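This report concerns only the one structure given below.
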Amino acid sequence: MLEKNVKNLLQTIPKTNKFGEKVTLVAAVKTQTAQDISRAVAAGITDIGDNHVQEFRDKYSQIEGNPTRHFIGTLQTNKIKYLLGKVNLYHSVDRLNLAEELSKKSANANVVSQILIEVNIGNEPTKSGFEYAQVESAYKKIAALPHICVKGLMAMLPESDNESLLRELAAKMRILYDRLNAQGANFEYLSMGMSGDWKLCIDEGSNMIRLGTAIFGKRNYKN
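In this text, residue positions in the sequence shown follow this note's numbering: the first is 574, and each later residue adds one.
Next up, the structure:
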């Protein structure tokens, strides 16, 4: 079933978005076993994203196929040390002090950490991320930090049945992404879209989606 899900997704997901940008599928691997993650990679998944540092540490060396590694969950500053040099892209830089600490620790380890700035596009109190109006200012401060390379933006749309609202928010994210690029940001990634809304996110200009349930099925929190 897992292999079939991967095959179907790789056939269904557009290779590029309407801007001609390659669409990257990141498999969200929270609670999945190293064996199942390795199966997904063998089936064609090239990128995997962890939500929890402990899971990342426990499974890091057990996953076969050498996928590109993403960290997509909320990150505490005291746990950065476990990820340095092993994560290719941090999606959830949601506050300035996290960026500053990541910069400092990256400098000490002599690595450059590639990051996305997380935007709270729905202005939801239960979600982290910069407010939409704060992002340009935050980007300038974060981009100036040593040993940090800002590669784009990340957002999670609200859970809603209102498709027009979701499309409006996704389009706002793309407008922000394009505006910062026009100012010289040199972004590559707009990470937006999960198992329930990835199609509309790609329609509105996302070029990186994070899918878990669509690949692995319902999560088993006993793992």
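Yeah, the Cβ is synthetic: ideal placement off N, Cα and C, and Gly gets one too.
Since this is a predicted model, take the numbers as computed values, not measurements.
Taking the alpha-carbon positions, what's the residue i to residue j distance?
i      : j      : result
Ile653 : Ala758 : 25 Å
Asp609 : Gln756 : 42 Å
Ala682 : Leu657 : 8 Å
Asp631 : Asn639 : 16 Å
Glu777 : Glu732 : 17 Å
Tyr633 : Lys772 : 30 Å
Val579 : Leu738 : 29 Å
Leu583 : Thr589 : 12 Å
Asn750 : Ala744 : Correcting the residue identity first, residue 750 is Tyr in this sequence and not Asn. About 10 Å.
Taking the Cβ atom as the reference point for each residue, do residue i and residue j lie within a distance shorter than 8 Å?
i      : j      : result
Asn780 : Leu763 : yes
Ser679 : Ile721 : yes
Ile690 : Ala711 : yes
Ile782 : Pro587 : no
Ile688 : Met746 : no
Leu671 : Leu648 : yes
Glu576 : Ser611 : no
Met765 : Leu784 : no
Leu742 : Glu709 : no
Val829 : Tyr655 : The structure shown has nothing for residue 829, since the chain only spans 574 to 796.
Thr650 : Glu628 : no
In chain order, what residues of the same chain have a beta carbon less than 6 Å from the beta carbon of residue i, not counting five sequence neighbours either side?
i      : result
Val660 : Arg642, Phe644
Leu662 : His643, Gln687
Lys603 : Asn624
Start and end of the alpha helix (DSSP H) containing residue i?
i      : result
Leu656 : Here Leu656 belongs to no alpha helix (DSSP H), and DSSP marks it neither H nor E.
Thr574 : In the sequence on display, residue 574 carries Met and not Thr. Unbroken run through Met574: none, as it is neither H nor E.
Short of 7 Å in beta carbon distance, which residues of its chain neighbour residue i, apart from the five on each side in sequence? Order them along the chain.
i      : result
Ser676 : Leu718, Pro719, His720, Ile721
Glu761 : Lys724, Gly725
Going by beta carbon distance, what residues of the same chain come within less than 8 Å of residue i, once the five residues before and after it are set aside?
i      : result
Ile715 : Val666, Leu669, Ala672, Ile688, Ile690, Ile721, Val723
Span of the beta strand (DSSP E) holding residue i?
i      : result
Ile636 : Where Ile636 is concerned, there is no enclosing beta strand (DSSP E), given that its DSSP letter is neither H nor E.
(request) Count the C-beta pairs between the region 716-732 and the region 695-704 that are closer than 8 Å, then say yes if the count reaches three, no if not. (result) Segments in contact, yes.
(request) Answer yes if the region 613-628 comes into contact with the region 590-604, meaning at least three C-beta pairs across the two stretches below 8 Å, and no otherwise. (result) With the rule of 3 Cβ pairs closer than 8 Å, the region 590-604 counts as touching the region 613-628.
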